[in-house]
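Trainee: Residue numbers (my numbering), protein chains in the order written: chain A, 1 to 325; chain B, 1001 to 1325.
2 protein chains.
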Amino acid sequence: MSARIPSLDLVDRVSAGETRAIARMLTRAESGSTEARAALDLIYQRTGRAHVVGITGVPGSGKSTLVAKLAAHLRRSERKVAIVAVDPSSPFSGGSILGDRIRMGELGGDPGVFVRSMATRGALGGLARGTLEAVDILDAAGYDVVIIETVGVGQDEVDIVRASHTTVVVSAPGLGDDIQAIKAGVLEIADIHAVSKGDKPEADKTISDLKGMLGLGVALAGRIVGRLTPVIKTCSPQDQGISELVAAIDEHRDYMKSSGLLEERRQAIRERRMLKAAEQILHEEFEQHREGRMAPLLAELGDGQVSPQSAARRLLAHISMETPQ
Amino acid sequence: MSARIPSLDLVDRVSAGETRAIARMLTRAESGSTEARAALDLIYQRTGRAHVVGITGVPGSGKSTLVAKLAAHLRRSERKVAIVAVDPSSPFSGGSILGDRIRMGELGGDPGVFVRSMATRGALGGLARGTLEAVDILDAAGYDVVIIETVGVGQDEVDIVRASHTTVVVSAPGLGDDIQAIKAGVLEIADIHAVSKGDKPEADKTISDLKGMLGLGVALAGRIVGRLTPVIKTCSPQDQGISELVAAIDEHRDYMKSSGLLEERRQAIRERRMLKAAEQILHEEFEQHREGRMAPLLAELGDGQVSPQSAARRLLAHISMETPQ
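(1) If you compare alpha carbons, which of I207/A, I137/A, V53/A and A128/A is closest to P173/A?
(2) Whose CA, out of H193/A, R227/A and A128/A, lies closest to the CA of Y255/A?
(3) Mapping the DSSP letters down to three states, classify G1062/B as helix, strand or coil.
(4) Classify Q1280/B: buried if its beta carbon has 16 or more other beta carbons within 10 angstroms, exposed otherwise.
(5) Have a look at Q1288/B and D303/A and give me their C-alpha separation to the nearest angstrom.
(6) Could you give the distance in angstroms between the alpha-carbon of S89/A and the alpha-carbon of A1038/B?
(7) Any Cβ of chain A within less than 9 Å of the Cβ of T1034/B?
(8) Across which residues does DSSP place F1114/B in a beta bridge pair?
(9) Tell me, please, whether the region 1134-1144 of chain B touches the region 1046-1055 of chain B by the rule of three or more beta-carbon pairs shorter than 8 Å.
(10) Going by the beta-carbon positions, is the gap between H1283/B and L275/A smaller than 9 Å?
(11) Using the beta-carbon of each residue, which ones in chain A are nearer than 7 Å to E1279/B?
(12) Against chain A, with Cβ distances strictly below 9 Å, would I1288/B count as a contact?
(13) Can you pull out the residues from the region 302-322 of chain A whose beta carbon lies closer than 7 Å to at least one beta carbon of chain B?
(14) Using C-beta distances below 6 Å, list every residue in its chain close to F114/A, excluding the 5 sequence neighbours before and after it, in chain order.
(15) Alpha carbon to alpha carbon, how far is A268/A from E1285/B? Give it in angstroms, no decimals.
(16) Assign R1129/B to buried or exposed, taking buried as 16 or more other Cβ atoms, counted over all protein chains shown, within 10 Å of its Cβ.
(17) Terminal residues of the continuous beta strand (DSSP E) containing A163/A?
(18) Chain B beta carbons: is any one of them nearer than 9 Å to that of Y44/A?
(19) Which of the three DSSP states is assigned to I148/A in this structure?
(20) Are the beta-carbon atoms of L262/A and V145/A separated by less than 9 Å?
(21) From D204/A to G198/A, what does the alpha carbon distance come to, in whole angstroms?
(22) Excluding sequence positions up to five away, which residues of its chain have a Cβ less than 7 Å from the Cβ of V14/A?
(23) According to the neighbour-count rule (16 or more other Cβ atoms, all chains shown, within 10 Å of its Cβ), is L1008/B buried or exposed?
(24) With DSSP as the reference, please indicate the residues paired to H1051/B in a beta bridge.
(25) Pick from G17/A, A68/A, A16/A and T19/A: whose alpha carbon is nearest that of S243/A?
(26) Considering only the beta carbon of each residue, do I1232/B and E1149/B sit closer than 9 Å?
(27) Which one or two residues does DSSP pair with A194/A in a beta bridge?
(28) Between C235/A and the rest of its own chain, which residues show a CB-CB distance below 7 Å, the 5 nearest in sequence each way excluded?
(29) Can you tell me the Cβ-Cβ gap for V58/A and S164/A, rounded? I've got them flagged as a contact below 8 Å.
(30) Secondary structure at L1309/B, three-state DSSP: helix, strand or coil?
(31) Please return the same chain residues whose Cβ sits closer than 7 Å to the Cβ of R293/A, not counting the five positions on each side in sequence.
(32) Whole angstroms is fine: what's the gap from P296/A's alpha carbon to R290/A's?
(33) What does the Cβ neighbour count give for G109/A, buried or exposed, with the cut at 16 atoms within 10 Å?
(34) Using the beta-carbon of each residue, which ones in chain B are nearer than 9 Å to G48/A?
(35) Taking just the CA atoms, how far does L245/A sit from L70/A?
(36) CB-CB under 8 Å to T1019/B, same chain, minus the five flanking residues each way: which ones, in chain order?
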């Protein structure tokens, strides 16, 4: 029990919003230690106050600049803002491949803003889990708005964005059709569309393209049926459209709250997180016992006696025996 | 038992290479019925002969044309060729968003070529599972080479490509940096690089860029340490580089076989398929029992008493009780 006292103290200091404690807890969470897990369970119980805003857009869409501007505008209404920036990374090398980072500029030194950049976790679902645990920590620490910034490509990134209460998809005018096609899966989860680089002549075409897609019912497959998804033209360097974006985010939050949809979405997020965590335990238990009790199953799988599909049921049975009730 | 007789008969007809039986089995496999599962288990026992070649490249890379040419060249050595083309699709709409399909041209009407286009499965991992089961069916049906064609973006697509014995990554000259960055995760799993559109002046730059990356050790994070990954210039309309590509694929297969790496890779594929199948069972069981024995857990999760991470262990315990030994 004594080993948990420092954690408990750390949790209290996180709750009090102490920046150094928050940073330490974030690092500790990434370690994945048993002690960190216990602390994260305590922290989880203190979450639920922050509004989590997911901002996604392909590299080159200008989302990082937009995020910085958005944070600055949110500060005007005295809201504490935390930003969790997610680097996409190769599932193979474990290394980060895109270096697109936030230009802090005017935010630097403001104690009401906290920025955390997430590295990869390598393992399946690890990036999503780590990111959402970071959001928990920042929520418990009293940040009013937690912004998750991510490139909307890849299952992990989509999982992360779906865990936000309000999702903003950033589209830049003039990006190629290939990019747009890849992005199409993310367009559908937008609660708000932001078109960046509004000073470009092609911006109006991007806006009308988006409105056209929304009209074609793409949005109906999205998150709120029947609500018109706003399309907002922004130009971050000129500070244009940012107030409108803040207003749209607040409007969406209020709408979600009053309609009861926020609680629905929260529960869906919790369930997805639970399922992802269960998947990860599955992988960990398998790896841990591959030389032990998984060995006979692996041998049968190896000589083709059992199909992967049938082996999966036996794997689950093996896992279960170790699972505490 | 009598319900299984038609399946057994169908499995025998698939093994005999009957085209109509193969098509029916592919459709039945997609249904996911219990009968189909039993048939797939039987089919699985008859697999292991085909060489599975994954070909991946972003939309616009010219991979579909390359696949058609490759199939035509493989036919010259009397090899039976099956192509499984995977459409990327939104995890949200369940609809297919890219329409990039194989131009069959000279392959049309050749009984030694079988083409199957995979639709989405919606559920987590469903696309990968469905695709690999289709590969099993075509393997059991006696196709010497099964080509999986996929856009290399997204976890599902990466899972599919990793399930091939030889992976060819297609890069087109002149695609934007954004695309290249997104693709970087896939570059690392290449056993062979094909540069398409070799008649373009930028093709040589793409080739030297790739060789530069390989020299920088990107390939070392890949699948075979110490082997030089070939970079092959192709021009499908002019039939250039296709024979070289066939030779490189054959050389890779022979190297994998003689070194024992093929069996290692096969086992890794089986294990990943088992884990994916276990994940899917997890999701299905959860959905099926959410009103029943999952209900108390969901209630606790809902009011924040239990974190998603802790709920995951209890979920696994609930699943296990239903899992047959």
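Even for Gly, the Cβ is constructed at its ideal location relative to N, Cα and C.
Predicted, not measured: the structure shown is a model, and the values here were computed from it.
Mentor: Let's see:
(1) Restricting attention to I207/A, I137/A, V53/A and A128/A, the CA atom closest to the CA of P173/A is found in I207/A.
(2) Nearest option by C-alpha distance: R227/A.
(3) Of the three classes helix, strand and coil, the one that applies to G1062/B here is coil, per DSSP.
(4) Buried, since its Cβ has 16 or more Cβ neighbours within 10 Å.
(5) Straight-line Cα distance between these residues: approximately 33 Å.
(6) In this prediction, S89/A has a pLDDT of 40, which is less than 50 and means its spatial position is unreliable; what the coordinates show is noted afterwards. The alpha-carbon atoms of S89/A and A1038/B are separated by roughly 38 Å.
(7) Chain A, which has no Cβ nearer than 9 Å to the Cβ of T1034/B, makes this no.
(8) DSSP links F1114/B through a beta bridge to A1082/B.
(9) Three or more Cβ pairs closer than 8 Å define a contact, and the region 1134-1144 of chain B meets that threshold against the region 1046-1055 of chain B.
(10) In this structure, H1283/B lies near L275/A, with their beta-carbon atoms less than 9 Å apart.
(11) Near E1279/B (Cβ distances below 7 Å), the residues of chain A are E279 and L282.
(12) Ile is not the amino acid found at residue 1288/B; the sequence shown has Gln there. Output row for Q1288/B: interface = no.
(13) Listed by position along the chain: G302, G304, S307, P308, Q309, S310, A311, A312, R313, L315, L316, A317, I319 and S320.
(14) Cβ neighbours of F114/A within its own chain (closer than 6 Å, five residues either side excluded): A82.
(15) Annotation: E1285/B to A268/A spans about 16 Å, alpha carbon to alpha carbon.
(16) When all chains shown are included, R1129/B counts as buried.
(17) A163/A -> no beta strand (DSSP E), and no H or E assigned at all.
(18) Taking Cβ atoms only, chain B reaches closer than 9 Å to Y44/A, which makes this a yes.
(19) Looking at I148/A - three-state DSSP - the assignment turns out to be strand.
(20) For L262/A and V145/A, no; Cβs fall outside 9 Å.
(21) Looking at the two C-alpha atoms, the distance is approximately 8 Å.
(22) Counting only residues of its own chain and dropping the five nearest sequence neighbours on each side, V14/A has a CB closer than 7 Å to the CB of A21, I22, M25, I43, I137, A140 and A141.
(23) Using a 10 angstroms sphere on the CB of L1008/B, the tally of other CB atoms stays under 16, which defines it as exposed.
(24) DSSP output for H1051/B lists V1145/B as bridge partner(s).
(25) Among G17/A, A68/A, A16/A and T19/A, the Cα nearest to that of S243/A belongs to A68/A.
(26) One thing to note: I1232/B has its Cβ no nearer than 9 Å to the Cβ of E1149/B.
(27) BP columns for A194/A point to V170/A and I232/A.
(28) Answer for C235/A: K197, G198, D199 and G241, listed in chain order.
(29) Contact between V58/A and S164/A is absent: CB atoms are separated by about 17 Å, not below the 8 Å threshold.
(30) Note on identity: in this sequence residue 1309/B is Gln, with Leu being the wrong assignment. Q1309/B falls in the helix class under three-state DSSP.
(31) So the qualifying residues of the chain are H318.
(32) Roughly 9 Å separates the two Cα atoms.
(33) Classification of G109/A: exposed, given that the 10 Å Cβ count is below 16.
(34) In chain order, G1304 make up the part of chain B whose C-beta sits under 9 Å from the C-beta of G48/A.
(35) Straight-line measurement puts the Cα of L245/A at about 8 Å from the Cα of L70/A.
(36) Within the same chain, T1019/B has close Cβ partners P1111 and F1114.
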